[in-house]
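Accompanying notes for the structure given below.
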Amino acid sequence: MNGQQSHGNAGIAADVSAEEARLRAAMKHLKLLHIKSRLLRGTIPRMLDPLVQKHPSPEVMFATAMKAVHEAQESVKEFTELMRDETSKDVFAMADKSKEENPFGIKPWRHQDHPNWFNLDKDDYLQSNPANTAKMVNHRVTYRRRTPYNTTSNITRVSKTPGGKLRVLHLKKRGTVPKCGDCGSKLSGIPALRPREYANISKPQKTVQRAYGGSRCGNCVRDRIVRAFLIEEQKIVKKVLKEQEQGKKK
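Letter by letter, the sequence shown follows residues 0 to 249 in numbering that gives the first Met the number 0.
Set out below in structure tokens:
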């Protein structure tokens, strides 16, 4: 009886050791897959790197770029074959079976047990640490509406509220008045607004009822009219003088 019990215990121990060996092999294979997948992140930058660097000729640049593309294709092909081999299929089948048997019994990794954890980025490190999961879920995402640069769109003014509290107010940009294209003086009768506000108002509000009402002032328009009459008068005088000279020659 004792012999049968000892044989049974030995068989159970052998099964446990075999299962542990399978788990170690599966973990090693998963670690390899994880490292290969992380290496694929730099596939596109590696392909674009020859196009950014300087080369003696376009032919050399094209050859270098094609070489980088072929190397990237080989790495992708290697990862694909590794994902589709029999070992990966067995590992995934073991994972599915374990998940069906005990879906809530699988504990998350500690960040120290993460494969290749010493090369993790900060975000990946936080995600791999279960202690930070609740913090990341409850973390409020804030969006910056303004930049701190000293530009015309970030002019501020300190104002005191009726309750005695100080508030920082962002001042709007001042609107610019349209100027005359000839003399550069400001056009009267047109409001000083921002370009976006000009786009929203009607044309009679942006112009004055006269010739060149939206781009020239009244004085410059008058000068243009006088200049046009003088030019026409000069043409008439030249024509009359020419006819008189021809009459004298006859």
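Note that CB positions come from ideal geometry on N, CA and C, so glycine has one too.
Can you give the beta carbon distance from residue i to residue j, rounded, assuming they're within the 8 Å contact cut?
i	j	result
LYS268	ILE230	Since the first residue of the chain shown is 0 and the last is 249, residue 268 is not available in this structure.
Is the beta carbon of residue j closer than 8 Å to that of residue i?
i	j	result
ALA20	MET93	no
VAL220	TYR211	yes
ALA71	ARG45	yes
ALA191	GLY163	no
SER74	THR42	yes
ARG144	ASP181	no
Let me check one thing: in DSSP terms, what residues is residue i bridge-paired to?
i	result
VAL167	VAL157
LYS178	LYS185
LEU192	THR175
Select from the options the residue whose C-alpha is nearest the C-alpha of residue i.
i	options	result
LYS27	LYS96, VAL90 and THR42	VAL90
ARG156	LEU32, LYS66, VAL167 and ARG193	VAL167
ARG209	GLN243, LEU186 and SER201	LEU186
PRO203	THR151, GLY213 and LYS159	GLY213
ASP48	LEU39, VAL68 and HIS33	VAL68
SER152	LYS171, LYS159 and THR160	LYS171
TYR148	ILE200, HIS169, ARG37 and THR160	HIS169
GLY183	GLY217, LYS53, SER201 and THR150	GLY217
LYS178	ALA198, VAL207 and ASN101	VAL207
LEU39	PRO57, LYS159 and LYS76	LYS76
ASP84	GLU244, LEU32 and SER201	LEU32
Would you check if there are 3 or more beta carbon pairs closer than 8 Å linking the stretch 79-89 to the stretch 51-71? Touching, no, given that fewer than three Cβ pairs across the two stretches are closer than 8 Å.
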